Amino acid sequence: MVTKKPRIVIIGAGMAGLTAASKLYTATSFKDLFELCVVEGGSRIGGRINTSEFGGDRIEMGATWIHGNGGSPIYQIARESHALESEQPWECMDTCPDEPTTIAEGGFQLTPSIVEPVATLFKNLMDYAQGKSIQDRAGSDYSNLSAKALKIPASNGGQGKLSVGSFLRQGLNSYWVCKKDQGELQGYGKWSRRMLEEGVFAIHENIQRTYTSAGDLLSLDYSAESEYRMFPGEEITIAKGYMSVIESLASVLPPGLVQLGRKVTRIEWQPEEHESSDKEKVHGARPVKLHFCDGSNMLADHVIVTVSLGVLKAGIGEDSGLFSPPLPSFKSEAISRLGYGLVNKLFLQVEGDDFNKFPFLQMVFHRPDSEFRYKKIPWWMRRTATLWPIYSNSRVLLSWFAGKEALELESLQDEQIIDGVSTTISSFLSQPHKQVNSNSRELRNGNMNSMKNCHESEVKVTKILKSKWGTDPLFLGSYSYVAVGSSGDDFDTMAEPLPKHDNAVSPSLQILFAGEATHRTHYSTTHGAYLSGLREANRLLHHYHCVERLRMGGKGRKIMKDERERRQHF
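For the sequence shown, the residue numbers in UniProt numbering are 1 to 570.
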């Protein structure tokens, strides 16, 4: 009788899935000991990594940054694959082209004396929340301000748990109390000092929304901020595109191992309480059965699920049936509690004689309920913090959207977006230092596709490209965060394999989980996804090392020794 090799199937060909596959496949002692397959529901590999081109420049539709080049495995792969240099221009190749120009709605350019104290306040509040040391400067007591903000009870419905959003706003209020004797500003139209300071603070709140994917910072848990970890060093983009890292991982896999267009619709497995049944007879010796959208199926001994948290959230719904039987309550409750948000990028191609003078623009908007707001600016633009060239002298501008504004962006036609963005820029750049007159010719003639910048040069938006992560059924959003009501423990729960306990009745390690939403300290990042893929691959390798040692004695021990030596050099 021929013994069947254990079959490992990885669902998803993104960072986590391909990392797990490459680790398993390059564990050469085991190539003859198991079958390996990656099934991907889409038509490409990469998952939430998707390098593209727009306006002659290389851009990223999804993951963009290497978060710290000191010790990051993503940086190491990019460097070893010579992906950090390119002759073709790429997004953020000069990191930040210029110092930001901060302009308030109506065309009022703000001086550093207004912007910098608020920006410093925000940074110190976030540093305090993340457990970093705060350096108080002369005349400033940010440590005390942060401590005061922390002591103020939250009232956001989080059962006594403090949110980042409420902490930040309490910090701003404490700042105003300390600065109550400041005089009023002159020359900013209807803008008061406090209105401008709140608007600058909102810029940084909205940037934080894109960092975390939390559509509302009131839903972002405060206590978990100190657990999040970054690699040291500079944050950079990848010259040859993030896809170069994906291609490097995939390059070690033989043709045919990754199967595209294979969307899984149901995962049948055998939990702890499983008893012998007809289903087991159908499955034979393999405990997991995958069903695909084309009606086909596949049996497996182990399945590594690397789909997004958004897909898992949809998969535990009553009408989904993605898991049969349903996931145990400890797993489904963790999936429900964790936050998973939406971030989209909007690229705009511009024309004009002086397009290269477009500033690194930070936009201070009136509050949505303000009587002074310019009503033609669409609501979905009002929580957008920046609009800037993707590198110095580029014809391509970039803006980031989060939450409901990001979802609205996906539903809009290109012309609607061009009109809305152009109207917004007109309000900020057409009349610097002057309040926009809503009866002026520029705003009355309906030609919102052109605007004048601070140097009085005409710039016209001709084309756009936007990401659509929210409505893509393979992702249903962007990345995870710790929501109020959840904790870092939920990420650990996400990483636990099923069945939860090894026993003689139900086969072990049937369903394993990887992806950024399964890493407690590096969630929401590509390196978190990478590390989770390694973790689950190693879990299976360790499992079979033990099996082989018991079955083969000395030979099994030699395999373990060989693998340990290889792992040191991987």
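Idealized CB from N, CA, C, for every residue including glycine. Please read all numbers here as calculations on a predicted model, not as lab measurements.
- Cys-293 carries a coil assignment under DSSP once its states are collapsed to helix, strand and coil.
- Taken atom to atom, the span from the alpha-carbon of Val-200 to that of Ser-478 is near 26 angstroms.
- Cα atoms of Phe-372 and Ser-192: separation of roughly 11 angstroms, rounded to the nearest angstrom.
- Counting along the chain, Lys-345 sits inside the beta strand (DSSP E) bounded by residues 343-351.
- Every beta strand (DSSP E) stretch that sits fully inside the stretch 50-109 and reaches 3 residues is listed by chain position as 51-54, 57-60 and 101-104.
- Per DSSP, Ser-308 has no beta-bridge partner at all.
- Put simply, the backbone Cα of His-82 is about 30 angstroms away from that of Glu-99.
- Here Trp-380 is buried. Its C-beta has 16 or more other C-beta atoms within 10 Å.
- Pro-378 and His-542 have their C-alpha atoms some 55 angstroms from each other.
- Secondary structure note for Pro-117: it is in no beta strand (DSSP E), and the uninterrupted alpha helix (DSSP H) holding it is 112-129.
- Excluding the 5 residues flanking it on each side, Ile-304 has same chain C-beta neighbours closer than 6 angstroms at Ile-10, Ala-20, Leu-512, Ala-514 and Glu-536, in chain order.
- The beta carbon of Ser-219 sits closer than 7 angstroms to those of Ser-163, Gly-339, Ala-483 and Val-484, all from its chain and outside the five residues before and after it, given in chain order.
- Burial check for Cys-178: the Cβ neighbour count within 10 Å stays below 16, so the residue is exposed.
- Under the three-state reduction of DSSP output, Gly-485 falls in the coil class, being neither helix nor strand.
- Look at Thr-462 here: in three-state DSSP terms it is strand.
- Judged by beta-carbon spacing, Pro-326 lies beyond the 8 angstroms limit of Lys-500, meaning their Cβ atoms are not closer than that value.
- Looking at the backbone, the Cα of Glu-91 and that of Ser-394 are separated by about 9 angstroms.
- Scanning its chain for C-beta atoms nearer than 6 angstroms, with the 5 sequence neighbours on each side dropped, one finds around Arg-58 the residues Gln-88, Trp-90 and Gly-241, in chain order.
- In the three-state scheme derived from DSSP, where H, G and I count as helix and E and B as strand, Asp-354 is classed as coil.
- When beta bridges are read from the DSSP output, His-302 appears opposite Ile-8.
- The beta carbon of Leu-342 sits closer than 8 angstroms to the beta carbons of Ser-213, Gly-215, Ala-402, Gly-403, Ala-406, Leu-407, Trp-469, Gly-470, Gly-477 and Ser-478 from its chain, once the five residues preceding and following it are set aside; these are given in chain order.
- The C-alpha of Trp-400 lies about 6 angstroms from the C-alpha of Thr-384.
- DSSP, read as helix, strand or coil, puts Ser-251 in coil.
- Annotated three-state conformation of Phe-201 is helix, per DSSP.
- The continuous stretches of alpha helix (DSSP H) do not include Trp-269, and DSSP gives it neither H nor E.
- Contact check between the stretch 121-132 and the stretch 143-152: three or more CB pairs, one atom from each, fall below 8 angstroms, which counts as touching.
- In chain order, Lys-5, Pro-6, Tyr-544 and Glu-548 place their CB closer than 8 angstroms to the CB of Leu-33, counting only its own chain and leaving out the 5 sequence neighbours on each side.
- Beta-carbon to beta-carbon, Ile-464 and Ile-425 are separated by about 13 angstroms, too far to satisfy the 8 angstroms threshold.
- Bridge pairing for Phe-323: Ile-267 [DSSP].
- Here DSSP, grouped into helix, strand and coil, assigns Leu-172 to helix.
- Your pair Met-230 and Gly-488 does not check out as a contact, with CB atoms roughly 15 angstroms apart and the cut at 8 angstroms.
- In this structure, Ala-517 lies near Met-494, with their beta-carbon atoms less than 8 angstroms apart.
- The alpha carbon of Gln-270 has as its nearest neighbour, out of Gly-106, Leu-531 and Pro-287, the alpha carbon of Pro-287.
- If you draw a 10 Å sphere on the C-beta of Gly-420, you find 16 or more other C-beta atoms in it, and that means buried.
- Contact between the stretch 101-109 and the stretch 360-371 is present: 3 or more CB-CB pairs across the two stretches fall below 8 angstroms.
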